[in-house]
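Note that the working numbering numbers the sequence shown so that position 84 is 87, with each residue one more than the last.
Heads up, the beta-carbon is just placed ideally off N, CA and C, and yes, glycines get one too.
Report on the structure given below.
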Amino acid sequence: MRLYERWAEGGAAVSIIGEVQGDPRYPERPGNLVFGPHASHRALESLVSRGVIEDAHLWPQLGHAGALSHLPISQPKGPSELNIDGLRCVGMSIEDIRELPAMYARTAAYAKNIGFTGVHVHAGHGFLLSQFLSPLFNRRNDGYGGSIEARCRIVLKVIDEIRRAVGPLFPVGIKINSTDRLEGGLTEDDALEVVRLLDQTSVDLIDISGGTYFPGAKASSDGPSDGEPYFLKFAQRAKGVTDVPIMLTGGFKRRDQAVDAVVSGAVDMVSLARAMVLDPRLPEVWLTEEGGDPEFPAFDSPPRGGATAWYTMRITALAEDREETFNLDPRSALRVYEGRDAQRCVKWREKFSHLQVPV
């Protein structure tokens, strides 16, 4: 609650709560929020009331991890059965797939009822809907696989069902990959076709990102960078095939980058992640004449996942108003992060034991 209050105080137009689950059987991590009968309505209402101050919006990102569901608390299911590079999951049945739009719609309606000001469908980064879009992970031949139109079918059904549940005026956004950054995965040309298909729906915002969390895949944020925003050229192409507002996520570190992206017409808005973790008042700062950019840390050979763990644990420090004393290095942050997840797995299994989530 305090975290999203701080970002609202800092001038964010909308904060998006990552990976909010409507089905606790397929979480991305044991720290994910879960909407539904198991949730504390009072706590969520308090979260909303604190996260929408200063005219800010607060949207949950509706997720389903699919093949990337956290193994200690899940039995992963994806579009197709997989056993590649140590990643295993069973394939979803037609019945499993047909249940998805209703699940997403229930979760969106729940969010609206609680008071959230919009929803954001996660169809990127290698999670379930992203898996459907990718030919590397979707090998179906039953109408939900094959051509990009068929692979996108379930995504369009999810959007349509959500719209029926929340009405015509409630904001519905979606995050998609511009590319999986994996050989045999989603290409930019196919992603552009996804944008064209989304243009025919009632979606209000298309959020462009890229990459996956599959084992062995390199994160955009952890790889070599020319210092420029990721996927900007693709966003420019996307603007040419849709009238839906385009937001770009990833790699914005300086105010001039954000200003140039919007003023040039490449995008309608930019999304900040790590920059907002370094300075929760960054939008307010960038709107002043003086401006000023956050100072990004330079990590010397961090362990795999260490940089992400460092930013994640700094988020916790922000939420506890103690970022001034935050002094973890990536290796120690990874150790703390993994220990916290292990403790949360115990709580998750206790909370959802009636769903027979395996130990």
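Tell whether a beta-carbon distance below 7 Å holds between residue i and residue j.
i      : j      : result
Arg257 : Asp282 : no
Ser137 : Lys178 : no
Leu365 : Ala312 : Residue 365 lies beyond the residue range present for the chain, which begins at 4 and ends at 362; the question has no answer from this structure.
Arg142 : Ser72  : no
Glu287 : Gly14  : yes
Phe255 : Ser181 : no
His123 : Ile19  : yes
Gln239 : Ala269 : yes
Ala126 : Val158 : yes
His44  : Gly121 : no
Ile97  : Pro33  : no
Met4   : Ser49  : yes
Ala153 : Val198 : no
Leu358 : Arg28  : yes
Ala112 : Glu57  : no
Leu200 : Cys155 : yes
Am I right that residue i and residue j are in contact with their C-beta atoms under 8 Å? What's the rounded C-beta distance?
i      : j      : result
Gln64  : Val23  : 6 Å
Met106 : Asp163 : Incorrect: roughly 14 Å between the Cβ atoms, too far for contact.
Tyr216 : Gly129 : 5 Å
Arg317 : Glu326 : 6 Å
Asp246 : Asp202 : 7 Å
Asp193 : Ile151 : 5 Å
Val161 : Pro104 : 5 Å
Leu131 : Gly188 : Contact flag wrong, Cβ pair sits at about 15 Å.
Taking DSSP's pairing of strands, which residues face residue i in a bridge?
i      : result
Lys444 : What is shown of the chain runs 4 to 362, which leaves residue 444 out entirely.
Leu3   : Nothing can be reported for residue 3: it is not among the residues displayed for the chain, which extend from 4 to 362.
His67  : Note: His67 sits in no beta bridge, so no partner.
Leu208 : Gly176
Gln24  : Val37 and Gly66
Val122 : Val175
Met272 : Met250
Ile157 : In DSSP, Ile157 forms no bridge with anything.
Leu85  : Cys92
Based on Cα-Cα distance, which residue from the options lies nearest to residue i?
i      : options                           : result
Asp88  : Leu285, Ala153 and Phe140         : Phe140
Trp62  : Asp259, Gly294 and Tyr7           : Tyr7
Ser52  : Cys92, Lys350, Phe119 and Gln134  : Phe119
Val169 : Asp58, Asn116 and Arg154          : Asn116
Ser274 : Val17, Glu12 and Met4             : Val17
Glu31  : Glu12, Ala11, Gly39 and Gly69     : Gly69
Gly21  : Gly66, Leu50, Tyr340 and Thr315   : Gly66
Glu186 : Gly81, Lys354 and Gly214          : Gly214
Arg167 : Ala114, Ala108 and Leu189         : Ala108
Thr110 : Ala46, Ile100 and Ile165          : Ile165
Arg101 : Tyr147, Tyr113 and Tyr29          : Tyr147
Asp263 : Asn35, Glu231 and Leu285          : Glu231
Tyr314 : Leu285, Glu293, Trp289 and Met279 : Met279
Pro40  : Asp99, Gly149 and Ala114          : Ala114
Glu196 : Lys160, Leu290, Gly243 and Leu235 : Gly243
Glu1   : Pro300, Gly342 and Asp259         : Residue 1 falls outside the range modelled here, since the chain spans only 4 to 362, and no answer is possible.
Gly253 : Val266, Leu235 and Val265         : Leu235
Pro300 : Ala345, Arg277 and Val339         : Arg277
Leu85  : Ser267, Gln134 and Ala42          : Gln134
Given 8 Å, three or more beta-carbon pairs between the stretch 202-219 and the stretch 161-179 = In short, these stretches touch, since the Cβ pair count reaches three.
task = Could you tell me whether the stretch 326-337 touches the stretch 299-309, using the rule of 3 or more Cβ pairs below 8 Å?
result = Yes: the two stretches touch, three or more of their Cβ pairs being nearer than 8 Å.
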